[in-house]
Amino acid sequence: MSGSSTPSLSASTPTLYDSEREMPNERSHLLGKRKSVEPLSPIISHSQSQPQDQDQEAQESQEEGEEVEVYIPGKASFSQTLLNVLGDLIGTGLLACPVAIAYAGWVLGPIFLCIICAVTLWTLKILIRIIEKDRRMRNFADVARYGLGERAEKWITGLFVGDCCIWLIALIVLFSDTMEAVLPVFSSNQWKLVGLAVIIPLNFVPLRYLSYTSFLGVLSTWTLVCILIFTGLTTKESPGSISHPCPTDLFPTHGWIKLGISFGLLISGFGGHFLIPNLIRDMKDPQQADTVVEVAYGICMVVYVIVAVFGYLMFGRDVSDEISRDLAKTPAFSPTLAKIAVWMVALNPLTKLPLGLRPLCDVVYTWFHLQPTIYLPTKHTPTLASSSTPSPNYNHYPDNDEPLTRTVASSTSTLLVFPEIIHTKSKLEKQHDRRELLKKYVFRPGISILLIIFFILGALVLPSFETIMSIMGGGLSVINCILIPLAAGSSLFGWTKKDKIVFGLAGLVAVISVVCALLNESTTSATGV
């Protein structure tokens with residue numbers, strides 16, 4: 001080789017980015033490529049007669065690449081994930097638990113509650129088994145698509161979004177109704193607008209830090225439970241007394257419509273499956289997911305039983321769809337405690353709304369290709385040499401006393417360093433960086449704010465908490481928490497007789513619950529009750 005000859009890198013030379021792309025955890029097959037182009041063979045000239053800016057321009061014109069989404073392991077600990085799961089499970093359904101037992105009676109009510117708890121825990125573990133097959137799955141829609149295929153994706157995503165929307169609207173209605181009872185300076189609709197200013201900032205807090213707000217929500221729930229027990233034990237006359245309970249029933253006496261609603265009200269408390277994939281993805285040690293959900297369900301079941309029994313005994317057949325309302329009207333041993341209980345209920349939705357928004361926002365980001373990506377050039381001038389020498393290696397050519405290239409070795413690879421192009425970005429890389437900044441600071445925050453405004457408007461249109469909870473529980477929660485996980489798991493692991501029986505019964509219950517909820521709403525509107 002003469003001293004004036006110009007070296008070139010062959011297209012077959014393995015580059016640093018080619019090597020990285022061969023790693024299985026660098027690209028999610030669920031989302032695929034954002035941009036794919038035909039690679040070109042870069043030619044790096046070292047002739048001193050060419051200006052440096054021409055080399056830069058030639059490099060930028062020859063470098064092409066693609067944007068890919070990558071799996072980044074989470075950072076949440078066991079306790080942080082447990083608090084978020086508890087914050088997801090113990091919430092709006094807890095307040096409606098006493099009225100659900102009242103509609104079903106002492107015999108059927110506890111049976112419904114135990115069956116719902118067992119079945120939803122079982123289907124939740126099916127979701128975890130699916131997630132274990134590919135840790136890159138980002139949300140509930142990804143899990144369902146993995147099990148049921150691309151054809152079912154649109155329908156599943158639509159149901160998932162509907163479930164999220166109704167749950168978030170229910171939280172806003174609960175917040176506004178409770179605040180109206182505590183501070184009647186504003187109407188319920190005005191409190192919904194006030195909640196808008198509180199929810200928006202919380203939506204931008206990282207998920208692992210929301211465990212602190214979840215802890216606040218769990219603390220407020222236990223405070224409510226303690227106040228409910230204390231009020232029941234210290235109040236000497238009904239309503240609101242355990243020693244002198246209100247009239248109750250062993251079997252349903254409110255009619256078949258109310259019995260159908262009771263199942264939906266109970267399952268709404270265990271309908272948080274859509275958030276679990278996000279929480280597992282954010283875990284530092286996803287292998288602990290089974291233990292997390294088992295502990296969370298055990299705690300949740302204890303809380304639900306206590307509230308259901310005490311609430312039904314204290315207020316009997318006249319218990320409302322929000323136990324907090326009944327506490328606020330009770331001539332309790334300590335009126336201050338009753339006020340604190342209502343404040344705890346008002347605080348609880350504010351801690352859950354940011355959690356509920358995350359999976360929904362995540363799906364919308366995927367629709368509009370707004371998920372974070374990294375840029376990988378298809379060809380890049382810094383290359384990996386075949387040598388794995390642990391010390392710097394200098395290659396000399398016979399006709400040149402100066403090293404043409406300098407090889408810097410590491411424990412895993414050897415990188416050829418060219419002084420002319422090191423630490424430079426191509427035009428496509430710079431464009432990608434600008435797009436990422438726009439997505440991070442403009443598009444994703446804008447979509448989050450628009451969704452929150454949409455939910456506030458929905459809460460203004462659907463003011464009945466009982467109807468919202470029964471539709472969500474009886475219809476969407478059965479589909480998302482039982483039918484979809486069961487179908488996805490069975491398609492991967494095979495259908496069993498038990499799977500088919502549970503699937504058929506759950507589908508029948510979903511139809512009955514939704515029909516009863518709609519009939520109840522029409523009856524309530526006609527009678528004005």
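Each residue of the sequence shown is one higher than the one before, starting from 1 at the first, in the UniProt record's numbering. Virtual Cβ for every residue (Gly too), placed ideally from N, Cα, C.
Here Trp256 is exposed. Its C-beta has fewer than 16 other C-beta atoms within 10 Å. In this structure, the CA atom of Arg135 is about 20 Å from the CA atom of Trp367.
Annotation for Cys361: Ser448 place their beta carbon closer than 6 Å to its own, counting only its chain and skipping 5 residues before and after. Under the 10 Å beta carbon count, Ser477 is surrounded by 16 or more other beta carbons and is classified as buried.
In the structure shown, Pro239 adopts coil according to DSSP, grouped into three states. Assigned with DSSP and collapsed to three states, Pro206 falls in coil, not helix or strand. Three or more Cβ pairs closer than 8 Å define a contact, and the region 178–185 falls short of that threshold against the region 301–313. In this structure Gly475 touches Val514 by the C-beta definition: roughly 4 Å separates them, less than 8 Å. Residue environment analysis places Val85 among the buried positions, since at least 16 neighbouring C-beta atoms fall within 10 angstroms of its C-beta.
Going by beta carbons, Thr123 and Cys481 fall inside the 9 Å limit. For Pro245, there is no enclosing alpha helix (DSSP H), since its DSSP letter is neither H nor E. Burial state of Cys97 is buried, judged by a 10 Å Cβ sphere holding 16 or more other Cβ atoms. Membership of Pro377 in any alpha helix (DSSP H) is not indicated; the residue belongs instead to the beta strand (DSSP E) covering Ile374 to Pro377. Here the alpha carbon of Asp318 sits roughly 29 Å from the alpha carbon of Ala118.
A distance below 6 Å between beta-carbons, with the five flanking residues on each side excluded, links Thr213 to the following residues of its chain, in chain order: Thr351. For Glu436, the closest C-alpha among the options Ser243, Thr373 and Leu505 is that of Thr373. Classified as buried, Ile172 has 16 or more neighbouring CB atoms from the shown chains inside 10 Å of its CB.
Note that the region 155–163 does not touch the region 251–269; fewer than 3 beta-carbon pairs, one per stretch, sit closer than 8 Å.
C-alpha of Tyr297 to C-alpha of Leu266: approximately 14 Å in a straight line.
Assignment of Met283 by DSSP, reduced to helix, strand and coil, places it in the strand class. In the DSSP assignment, Ala76 is bridged to Met283.
Within a 10 Å sphere around the beta-carbon of Thr291 sit fewer than 16 other beta-carbons, which makes this residue exposed.
For Val509 and Asn189, the gap between their C-alpha atoms comes out near 33 Å. By the 16-neighbour rule on beta-carbons within 10 angstroms, Gln80 is buried.
With contact defined as three or more Cβ pairs closer than 8 Å, the region 263–282 and the region 481–497 are in contact. About 7 Å separates the Cβ atoms of Leu357 and Leu168, confirming a contact at the 8 Å cut-off. The C-alpha of Thr330 lies about 40 Å from the C-alpha of Asn278.
The three-state reading of DSSP puts Leu370 in coil, since its state is none of H, G, I, E or B.
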